[in-house]
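The structure appears right after this line, and notes come after that.
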Amino acid sequence: MSGSSGAFWQRSNFALAMVPLSLVPAACHEPPASRYAPDAEATARGKAAIERVGCAACHEIPGISWPEGRTGPSLVGFDDFGPIAGALANSPENLAAFVRNAPEAKPGSLMPPMPLSEAEARDVAAYLYGLDDD
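Numbering follows UniProt numbering, in which position 122 of the sequence shown is assigned residue number 122; successive positions increment by one, without gaps.
Here it is in structure tokens:
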């Protein structure tokens with residue numbers, strides 16, 4: 001093995017070791033305390049809307065004991081998630097739009113449109129963002 005090929009592998013290994021570190025800034029976001037804090041009335045209405053339309057049939061949702069769906073992603077610690085559905089900035093406005101009509105908010109989404117008014121969708125977002133405030 002020549003000296004130049006050894007140096008190549010050392011550089012390659014160093015570069016591979018740096019890949020996880022390059023992902024750290026993408027995983028960072030504001031701490032929960034500095035983000036949206038919904039009011040108690042909105043979160044109560046949001047929980048009622050979640051129960052009415054059956055969101056827990058597909059998602060595990062704290063505070064909703066039955067059913068505990070596993071088809072969709074768990075919503076435990078939702079406000080600490082990165083992008084909504086891996087594509088939309090995690091904000092109350094984007095979440096309300098996604099909850100109401102996921103295929104319109106993110107084309108190709110497998111989540112069906114939900115029978116929610118705009119106000120109900122905002123309340124669902126309030127419930128999910130308020131989970132860590134307990």
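Note that the Cβ used here is the ideal one computed from N, Cα and C, for glycine as well.
Treat the numbers as computed from the prediction; the structure is a model and nothing was measured.
6 Å Cβ shell around residue i - same chain, five flanking residues per side excluded
{"i": "Pro38", "result": "Ala126, Tyr129 and Gly130"}
{"i": "Ala97", "result": "Ala105"}
Bridge-paired residues (DSSP) for residue i
{"i": "Ile84", "result": "Leu88"}
Same chain, Cβ closer than 7 Å to residue i, neighbours up to 5 away in sequence not counted
{"i": "Ile64", "result": "Ile50, Glu51 and Ala56"}
{"i": "Val99", "result": "Met114, Leu116, Ala121, Val124 and Ala125"}
{"i": "Met111", "result": "Gly72 and Ala102"}
{"i": "Pro62", "result": "Val76 and Leu131"}
{"i": "Leu95", "result": "Ile84, Ala125 and Leu128"}
{"i": "Arg45", "result": "Asp123"}
Backbone CA spacing between residue i and residue j [nearest angstrom]
{"i": "Glu93", "j": "Ala105", "result": "11 Å"}
{"i": "Thr43", "j": "Ser74", "result": "18 Å"}
{"i": "Gly108", "j": "Gly86", "result": "12 Å"}
{"i": "residue 135", "j": "Trp66", "result": "What the structure shows of the chain is the stretch from 1 to 134, and residue 135 is not part of that stretch, so it cannot be assessed."}
{"i": "Val53", "j": "Lys47", "result": "10 Å"}
{"i": "Gly82", "j": "Glu118", "result": "23 Å"}
{"i": "Ala40", "j": "Ser91", "result": "18 Å"}
Residue i, enclosing alpha helix (DSSP H) - first and last residue
{"i": "Ile50", "result": "Ala40 to Val53"}
{"i": "Ala37", "result": "Note, Ala37: premise wrong, no alpha helix (DSSP H); not H, not E."}
{"i": "Arg70", "result": "That residue, Arg70, is in no alpha helix (DSSP H); it is neither H nor E in DSSP."}
{"i": "Asp123", "result": "Glu118 to Tyr129"}
{"i": "residue 137", "result": "No statement about residue 137 is possible, as the shown extent of the chain runs from 1 to 134 and does not include it."}
Nearest candidate by alpha-carbon position, reference residue i, set the options
{"i": "Gly69", "options": "Ala96, Ala87, His59 and Gly86", "result": "His59"}
Below-9 Å beta-carbon distance, residue i vs any chain D residue
{"i": "His59", "result": "Among the protein chains of the structure shown there is no chain D, as only one such chain exists."}
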